[in-house]
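In the working numbering, the protein residues as written are 26 to 337. Each remark here refers to the structure printed beneath this line.
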């Protein structure tokens, strides 16, 4: 399976992020608590940004070799159609060599992604801690002014978390490709058939990694969705005390109508993003497709093994 990934930028602004968190700490905590909360969030923000940079560098290296691998597979298919046996065999050998390098780089990307995910989770946990503390204070707030200030800060921090979630969703979105060009050819030698079987098994192993990533994404989105519902329930209840107009998100940032944020597409038109429920449904469908691709890879590899035995 060909797993293509797209780059994503960290969409969070350090300036308003730090300002929102530190303001919350200074206004509604003691000096020591304010300093501790601000330092923790700032430290985890820096660790997250460093991990983001390392991950993107590894992903860029992987993308270069991934393109070379795809080119070699395409060259093999073209040579096969034209009957150019030497070029076909050379392209297959190159694809196999590149597959080994691609596997090495994928392991590096996987390791860097694990560090990035850990840094992001720690950063979100720090934000969670601030939101929980502010939510408790909101429940005990006595004046409309305090409720308005606390609600605004909670909304800002929740939007910060949403930005981090978008960054996570922008990672590693597998696209299922079955590589129909890797098929039996009457001119195949036992060695060539072995190369093809090995290449297909390599793709099957990558399918396992892709399915594990999809499972983690589903679990993460579902967990965050439950937490957001609980926090939103309290904020909504507090807003019923009066017509409290609070800022939402970063300065000058507002959600589109219907509370469904929009993202500009390649044509420059802002279109609504998928809801968490829609994204989970799409990921579950994608997992079924990846699982089917793995089954086909292994089935075709076994076919090549049988042909080798029959020839030999």
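A virtual CB, placed ideally from N, CA and C, is assigned to each residue, including glycine.
Buried versus exposed, by CB contacts within 10 Å (16 or more), residue i
| i | result |
| --- | --- |
| residue 303 | exposed |
| residue 149 | buried |
| residue 216 | exposed |
| residue 92 | exposed |
| residue 334 | exposed |
| residue 70 | buried |
| residue 247 | exposed |
| residue 317 | exposed |
| residue 237 | exposed |
| residue 240 | exposed |
| residue 114 | buried |
| residue 300 | exposed |
| residue 242 | buried |
Endpoints, the alpha helix (DSSP H) within which residue i is located
| i | result |
| --- | --- |
| residue 331 | 301-336 |
Three-state secondary structure (DSSP) of residue i
| i | result |
| --- | --- |
| residue 167 | coil |
| residue 138 | helix |
| residue 69 | helix |
| residue 172 | helix |
| residue 17 | Residue 17 lies beyond the residue range present for the chain, which begins at 26 and ends at 337; the question has no answer from this structure. |
| residue 154 | helix |
| residue 344 | The shown model of the chain, from 26 to 337, leaves out residue 344, and the question about it has no answer. |
| residue 108 | coil |
is_contact[residue i, chain C] using C-beta, thresh 8 Å
| i | result |
| --- | --- |
| residue 239 | You won't find chain C in this structure, because it holds only one protein chain. |
* At a cut of 8 Å, does the region 158-178 reach the region 208-216 through at least three beta carbon pairs? -> Cβ pair count under 8 Å is below three, so no.
* Asked: Taking one C-beta from the region 140-158 and one from the region 68-77 each time, how about it: are there three or more such pairs within less than 8 Å?
  -> The region 140-158 vs the region 68-77: in contact.
* Do the region 114-122 and the region 95-104 meet, that is, are 3 or more Cβ pairs less than 8 Å apart? -> Taking a contact to require three or more Cβ pairs closer than 8 Å, the region 114-122 and the region 95-104 qualify as touching.
* Between the region 216-229 and the region 318-334, do at least 3 Cβ pairs fall closer than 8 Å? -> A contact between stretches requires three or more CB pairs, one per stretch, nearer than 8 Å, and the region 216-229 meets this requirement with the region 318-334.
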